[in-house]
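Trainee: Here it is, the structure, as structure tokens.
Residue numbers (the UniProt record's numbering): 1 to 174.
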């Protein structure tokens, strides 16, 4: 248990002791509510999910919400939870941390999705360039074979210029 949690529990017990001194005739219901609230503040719920809410306090105490709201303990609990220095159980802190991490994960996924889209576009552009270069390479290899065939046929060592193809006359240059 942290020091801040110890201080909060001490404040809870002090407030309940003050209530017991100032209010004569606290009922069994009031004591059940106080015990249930302390259990929740300690992070040891027996029935509920551990959040410090009126519904959970009532469930842990085994009393109705009407009985809770009629009890003088409800006002003390409201004051304790309303004070800025009151520390919630670790459960509430963990829920807040989970919410923060989920938000962070959503932002991270959005950034990565944008990055993946950009990379896919880059890959597509490179694939198109590779295809253009492969076609041009095939044309050049074909021209080289034709020139070698001419050279072999004539035997004179003179190579005539090949007729221009449509791809050569266009202005596509990698």
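Every residue, glycine too, gets a C-beta built ideally from N, C-alpha and C.
Determine the burial state of residue 71: buried for a count of at least 16 other Cβ atoms within 10 Å of its Cβ, exposed for fewer.
Mentor: To locate residue 71, count along the chain shown from 1; it is residue 71. Residue 71 should be labelled buried.
Trainee: Can you tell me whether residue 137 is buried or exposed, with buried defined as 16 or more other CB within 10 angstroms of its CB?
Mentor: For the purposes of this step, residue 137 is taken as the residue at position 137 of the chain shown. Its Cβ having fewer than 16 others within 10 Å, residue 137 is exposed.
Trainee: Shortest alpha-carbon distance to residue 31 belongs to which of 76, 52, 103 and 7?
Mentor: The count along the chain shown starts at 1 and reaches residue 31 at position 31. Ranking 76, 52, 103 and 7 by Cα distance to residue 31 puts 76 first.
Trainee: From what residue to what residue does the alpha helix (DSSP H) around residue 76 run?
Mentor: Position 76 of the chain shown, counted from the first residue, corresponds to residue 76. Unbroken alpha helix (DSSP H) run through residue 76: 72-82.
Trainee: Taking a contact to mean a Cβ-Cβ separation below 7 angstroms, would you say residue 33 touches residue 61 in this structure?
Mentor: Looking up residue 33 in the chain shown gives position 33. Looking up residue 61 in the chain shown gives position 61. Yes, these two residues count as a Cβ contact at 7 angstroms.
Trainee: I need the straight-line Cα distance from residue 10 to residue 41, nearest angstrom please.
Mentor: Locating residue 10 in the chain shown gives position 10, where the first residue counts as 1. Locating residue 41 in the chain shown gives position 41, where the first residue counts as 1. If you take the alpha carbons of residue 10 and residue 41, they lie about 11 angstroms apart.
Trainee: What whole-angstrom Cβ distance do residue 54 and residue 68 have, given they're in contact under 8 angstroms?
Mentor: Along the chain shown, read from residue 1 onward, the residue named residue 54 stands at position 54. Along the chain shown, read from residue 1 onward, the residue named residue 68 stands at position 68. Confirmed, Cβ separation roughly 6 angstroms.
Trainee: Measure the C-alpha to C-alpha separation of residue 52 and residue 43 and round it to an integer number of angstroms.
Mentor: Along the chain shown, one-based indexing puts residue 52 at 52. Along the chain shown, one-based indexing puts residue 43 at 43. If you take the alpha carbons of residue 52 and residue 43, they lie about 9 angstroms apart.
Trainee: In terms of residue numbering, what span does the alpha helix (DSSP H) encompassing residue 51 cover?
Mentor: Taking the first residue of the chain shown as 1, we reach residue 51 at position 51. Here residue 51 belongs to no alpha helix (DSSP H), and DSSP marks it neither H nor E.
Trainee: Let's see if you can read the secondary structure: which residues bound the alpha helix (DSSP H) around residue 161?
Mentor: If you number the chain shown from 1, residue 161 lands on position 161. Note, residue 161: premise wrong, no alpha helix (DSSP H); not H, not E.
Trainee: Name the residue from 7, 114, 28 and 96 whose alpha carbon lies nearest to the alpha carbon of residue 63.
Mentor: Taking the chain shown and counting its residues from 1, one reaches residue 63 at position 63. Selected option, being the one with the closest Cα: 28.
Trainee: Could you compute how far the alpha carbon of residue 39 sits from the alpha carbon of residue 107?
Mentor: Here residue 39 refers to the residue found at position 39 when the chain shown is read from its first residue. Here residue 107 refers to the residue found at position 107 when the chain shown is read from its first residue. Approximately 36 angstroms between the Cα atoms of the pair.
Trainee: Within the same chain, show all residues whose beta-carbon is closer than 8 angstroms to that of residue 65, passing over the 5 residues directly before and after it, in chain order.
Mentor: In the chain shown, residue 65 corresponds to position 65, counting from 1. Taken in chain order, the residues that qualify are 54, 55 and 58.
Trainee: The alpha helix (DSSP H) spanning residue 42 covers which residue range?
Mentor: Within the chain shown, the letter at position 42 stands for residue 42. Looking at the DSSP string, the run of the alpha helix (DSSP H) that includes residue 42 is 28-42.
Trainee: Straight-line CA distance for residue 148 to residue 124?
Mentor: The residue you call residue 148 lines up with position 148 of the chain shown. The residue you call residue 124 lines up with position 124 of the chain shown. If you take the alpha carbons of residue 148 and residue 124, they lie about 36 angstroms apart.
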